[in-house]
Amino acid sequence: MATYALEVRDLHVWLSGKEILRGVTVRFPEAAVTAVMGPSGTGKSTLLRAINRLLDLNPEARVEGDVRVYGRSVYEMEPYEVRRIVAMVFQEPNPFPHLSIYDNVAIGPRLHGLARTKRELDEIVRWALEKAMLWDEVKDRLDSSPMKLSGGQRQRLSLARALALKPRILLLDEPTANVDPVNAVKIEEAIRGLVREEGLTAVFVTHMPSQAVRVSEYIVFLYGGRVVEQGPSREVALNPRNPLTEKFFRGEL
Amino acid sequence: MRGPRRMLARKMWNYAGLAVLVTLAGLAVAPLLHILYLVALKGGEAIARIGLRRFLTESPHPFDPSDPGGIGPALLGTLELAALTAAGATLIALPAAVLISELRGSRLSRATLLLALTLVEFPTILVGLTVYAVLVDHLVGRYNMLAGAAALAIVVLPYLVVQASEALRQVPEGVREAAYSMGAPRTTTVYALIAPAARRGILVGLLIGLARAAGETAPLLFTIGGAYEGYHLCLLREGGAVPLMIYQFIQMPYQAARELAWGAALVLMLIVVTVMVAARLIVREVRM
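Just so you know, the protein sequences line up as chains A and B, in that order. Reading the first sequence from the start, the letters are residues 132 to 384 in our numbering. Reading the second sequence from the start, the letters are residues 1331 to 1618 in our numbering.
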C-alpha cells in the first residue's frame, strides 16, 4: 500500500463569495507525480494555493475542510512552515528580478538557515541548479541578473529556487505552459529525476493529457470544483470511467 | 468640385487648431522659462562676481557690498536637513506603505492611504507651526535644526508613503506569490523580498520628496531660526537653510544680501533639478 505525503479532505474554497472547490477529497502518494487535470477555471490552481496556504494572502478567500502534510494539518501549522515543506513553481517564470541568479537560489536556504557556511550554501545552490538542469548553462554567470535568461531558463531557475528550500512536496502550477518545447521536456525530466532520486512528491497541474501521461504515475481529474475521477495515469487516460474524463481526453471539453 | 475645396478647408482648420495649441502651450511654459532664465541670469551674475568656491563655502556678509561672502553654512544646513528628513521620513513611511500595500482591502490599509493622501495637500505652514509649539517652544526652548528636520519629515512623509505604497503595489503578482512561497514569516518576506523588488520606485519617491524638502520654506520659518554665521552640526542649535536664506536676504535693503539671495536661488534650482533628473533616470532604468 502506498503511503501518502499529502491528503486533502472535503476541501471547500470560496473566492469572493463564489464556490471554486466543492468538497475535494484526494490523496497524493509519496515519491510519485500526481497530475491534476481539468479544463481551465475548474479550480486546479486554487487547490494548489489551498495546500500551501497562499490563499491566506487573498482577503476574499474562505476555506473549509482540511489539508494534511505527512499527517499534520496545514491549518494548524504556521503558513510559512507549510511553504517550506511544500514548495511551489508557478505558471509564469518569476525569479526575483533584483537578485542575481545565485541569490535567487540562495535566498531560501538563507532565510531558513539551511547552510552554516558559504561552502554549504554554494553546495545547496549547485545541487538545486543541477537538479533543475540549469547548472551547466549558468555556472559561469551566477552573479548576473536572471532577467538576462530566456523564459525557459527562468522557469528552471524558479524550480531551482524552490528546490533549494529542500522541500518534501513540490507543487507545480502548469510549469511548462509558458516555455518552449525543449525547455518543457527539460522541466519534465528534472521532475521525474527528483521523484526517482530524491523521493520528492510532486503535484503537477497540467491541462495537456500527453504531458500528464508522460510525467505522472497518477491522475486526478477535476471538473467544476469536484474530483470526477482519480487513479493510475494509464488507467485514467486509456480507460476513463467517467464520461466527462473521456470527453476531456478526447479534447472535447 | 466640392472635394478639393473641402480638403483645403479641413487643412486650414487643422493649421488654425495647431496654432492655438502651440500658443496655449507656449503661454503655459513661458512663466517657467522666465523663472529659469531670471534665476540663471541674476544668480549667475552674483556667483561670477563673488567666485564659485567662495560663494559655496564662506559665511555671508550681507552688509558688505565689496565682499558679500557665500552661502556655505546654509548649504550645509540644507544637506543636514535633507539627510535627517530622508532618514526620519523613510523609517516611518516604509512600514506605513507596507501596511497599505500588503494588507490591501483591509480597513486599516484604506484608512492609512486616505490619511496619507489628505496630508499630501496639508498646508506646510501648519506643520511648521505645530512643530514650533512642541519642539521649539516647549521642549528645546530655542530654534533648532532638529525641529526643522522634523517639520520637513512630516511634510515629506505622506508623499513618500503614497509613492512607496504605489511602488510596492507594482511588484508583479507573480513575484509577490513567489516571495511568499519561500516560506518565510510575513514581515521577513516583505522586507527581504518584496520591498527590495520595489526599491527603485521607493528611491524615486524619496528623491522627489527630498527635492521638495530642499525647497520648502514654510516649515522652516519658525523652526530653525536662520543663523548663517559659521559651520556647526549641532541639532539643538539654530541653523540655516538655502530656501530660508533666500526668503530672508531678498527682503533686506542691501545690495550684497540680494546678490546672495539670487546666487542661493540658482544653487537651490540646480540642486532640485539634479535630484529630479536623477529620479527620472532611475525611473527609466526600472523599465527593463
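All residues carry an ideal CB built from backbone N, CA and C; glycine is no exception.
Among the options, which residue has its Cα nearest to the Cα of residue i?
| i | options | result |
| --- | --- | --- |
| A1591(B) | S1389(B), R1472(B) and Y1489(B) | S1389(B) |
| L265(A) | Q284(A), T248(A) and E254(A) | Q284(A) |
| Q1585(B) | A1413(B), S1396(B) and A1522(B) | S1396(B) |
| R1506(B) | A315(A), W145(A), E223(A) and E328(A) | E223(A) |
| G1374(B) | L1596(B), G1478(B) and R1614(B) | L1596(B) |
| V1501(B) | V1428(B), N1344(B) and W1343(B) | V1428(B) |
| L245(A) | H1391(B), G1556(B), A1404(B) and M1512(B) | M1512(B) |
| D234(A) | R214(A), Y211(A) and K249(A) | K249(A) |
| I151(A) | R247(A), V358(A) and P363(A) | V358(A) |
| M1475(B) | G1569(B), L1362(B) and A1339(B) | G1569(B) |
| L1386(B) | L1536(B), L1566(B), M1582(B) and I1401(B) | I1401(B) |
| M1599(B) | L1465(B), L1363(B) and T1460(B) | L1363(B) |
| Y1521(B) | G1539(B), L1537(B) and A1494(B) | A1494(B) |
| A1416(B) | P1573(B), P1526(B), V1350(B) and A1481(B) | A1481(B) |
| G1458(B) | M1606(B), T1448(B) and A1477(B) | A1477(B) |
| L1449(B) | I1422(B), L1354(B), A1419(B) and I1484(B) | I1484(B) |
| A291(A) | V220(A), G356(A) and A259(A) | A259(A) |
| G355(A) | E138(A), L331(A) and H143(A) | H143(A) |
| P228(A) | R327(A), G382(A), A321(A) and M278(A) | M278(A) |
| K297(A) | L353(A), T165(A), L252(A) and P363(A) | L252(A) |
| E161(A) | E329(A), D187(A), V213(A) and D267(A) | E329(A) |
Give the DSSP-derived three-state secondary structure of residue i in the structure shown.
| i | result |
| --- | --- |
| G1400(B) | coil |
| L1438(B) | helix |
| V139(A) | strand |
| L146(A) | strand |
| I1554(B) | coil |
| V334(A) | strand |
| M1618(B) | Unreliable placement is indicated for M1618(B), whose pLDDT of 42 sits below 50; the coordinate value is still reported in the next sentence. Correct three-state label for M1618(B): coil. |
| Q73(A) | Examination of residue 73(A) is not possible in this model, given that chain A is present from 132 through 384 alone. |
| L152(A) | strand |
| R381(A) | coil |
| V157(A) | strand |
| V1394(B) | A small fix is needed here, since residue 1394(B) is Asp in this sequence, not Val. Coil, per DSSP. |
| E261(A) | helix |
| E195(A) | strand |
| V1501(B) | coil |
| R372(A) | coil |
| F1385(B) | helix |
| L1338(B) | helix |
| A163(A) | coil |
| Y354(A) | strand |
| Q342(A) | helix |
| Y1510(B) | helix |
| Y1462(B) | helix |
Identify the contact partners of residue i in chain A, using a Cβ-Cβ distance below 8 Å as the criterion.
| i | result |
| --- | --- |
| E1589(B) | Under the 8 Å cutoff, chain A gives no residues; its nearest Cβ is about 47 Å from E1589(B). |
| L1523(B) | F227 and I238 |
| G1535(B) | Here the premise fails: no neighbours, minimum Cβ distance about 17 Å. |
| P1361(B) | Here the premise fails: no neighbours, minimum Cβ distance about 41 Å. |
For a contact defined as C-beta to C-beta under 9 Å, what are the partners of residue i on chain B?
| i | result |
| --- | --- |
| P190(A) | L1433, R1434, G1435 and S1436 |
| M219(A) | E1507, A1508 and S1511 |
Name, please, each residue of chain A whose Cβ falls closer than 9 Å to the Cβ of residue i.
| i | result |
| --- | --- |
| T1518(B) | Y211 and L242 |
| R1529(B) | H229 |
| P1488(B) | The premise fails here: P1488(B) is roughly 25 Å from chain A at the closest Cβ pair, so nothing lies under 9 Å. |
Anything in chain A within Cβ reach of residue i, meaning under 7 Å, just list it in chain order.
| i | result |
| --- | --- |
| A1441(B) | Simply none; closest approach about 15 Å. |
| P1526(B) | H229 |
What does residue i reach in chain B if we use C-beta pairs closer than 7 Å?
| i | result |
| --- | --- |
| R215(A) | G1513 |
| E223(A) | G1504 |
| D185(A) | A quick correction: the sequence has Leu, not Asp, at residue 185(A). By Cβ distance, chain B contributes E1507, Y1510 and S1511. |
Could you work out which residues of chain B lie near residue i, taking near to mean beta carbons separated by less than 8 Å?
| i | result |
| --- | --- |
| E268(A) | In chain order: nothing, as chain B lies at least about 21 Å away. |
Does the beta carbon of residue i fall short of 7 Å from some heavy atom of the ligand MG?
| i | result |
| --- | --- |
| G1539(B) | Ligands displayed in this structure: none; no statement on the ligand MG is therefore possible. |
Report task. Quick one: which residues of the region 168 to 183 of chain A get their C-beta closer than 9 Å to a C-beta of chain B? List them in chain order. Result -> R180 and N183
Query raised in the report: In the region 1443 to 1454 of chain B, which residues sit with their C-beta less than 8 Å from some C-beta in chain A, listed in chain order?
Result: none
**Report entry** Every unbroken alpha helix (DSSP H) inside the region 1513 to 1599 of chain B [4 residues or more]
**Finding:** 1516 to 1519, 1529 to 1545, 1548 to 1551 and 1572 to 1579
Query raised in the report: Of all the alpha helix (DSSP H) runs that stay within the bounds of the region 271 to 322 of chain A, which reach a length of 4 or more residues?
Result: 282 to 294
Query raised in the report: In chain order, what residues of the region 241 to 266 of chain A put their CB closer than 9 Å to some CB of chain B?
Result: R241, L242 and H243
Report task. Closer than 8 Å, Cβ to Cβ, to anything on chain A: give me those residues from the region 1541 to 1563 of chain B, in chain order. Result -> none
Requested in this report: Compile a chain-ordered list of the residues in the region 293 to 325 of chain A whose CB is closer than 9 Å to at least one CB of chain B.
Outcome: A293, L296, P298 and L302
Query - Contact list for the region 145 to 163 of chain A against chain B, Cβ threshold 8 Å - result: For chain B, none of the residues of the region 145 to 163 of chain A brings a beta carbon within less than 8 Å of one of its beta carbons.
Report task. Within the region 171 to 215 of chain A, note down every full alpha helix (DSSP H) run reaching 4 residues or more, in order along the chain. Result -> 175 to 182
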